[in-house]
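Everything in the sequence shown is counted per this note's numbering, starting at 32 for the first residue and increasing by one. C-beta atoms are modelled at their ideal positions from N, C-alpha and C, and glycine is treated no differently. What follows is a single structure, written as structure tokens, with notes after it.
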Amino acid sequence: MAKEELIEMQGAVTEVLPDSRYRVTLENGHEVIAYSGGKVRKNHIRIILGDKVSLEMSPYDLTKGRITFRHLERRGPPPGR
32 MAKEELIEMQ GAVTEVLPDS RYRVTLENGH EVIAYSGGKV RKNHIRIILG
82 DKVSLEMSPY DLTKGRITFR HLERRGPPPG R
């Protein structure tokens, strides 16, 4: 029941902070502090500066969020090919 109340947003990582936290700028211009969600952390998905991410936020605290997905961007062919 609690998961139905979450707000899903998209944004870009603007700063990598200590303790696996990130400053994310949302599409609407707001900045939030986000941390890696369980499956992102469990699967060792690396999040770097400039990555586009999806995150969940509680309607009670719109300054914090949980990163649930990192969107892939083509950065070019792998080295050596």
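| Query | Result |
| --- | --- |
| Option nearest lysine 70 by Cα separation, candidates Arg97, Glu62, Asp82 | Arg97 |
| Bridge partner(s) assigned by DSSP for aspartate 92 | Ser89 |
| Residue span of the beta strand (DSSP E) that contains glycine 69, given as start and end | Careful: glycine 69 lies outside any beta strand (DSSP E), inside the alpha helix (DSSP H) at 69 to 73. |
| 8 Å contact criterion, which isoleucine 78 and arginine 101 should meet: CB distance rounded | 6 Å |
| Between the CA atoms of tyrosine 66 and asparagine 74 - distance to the nearest angstrom | 14 Å |
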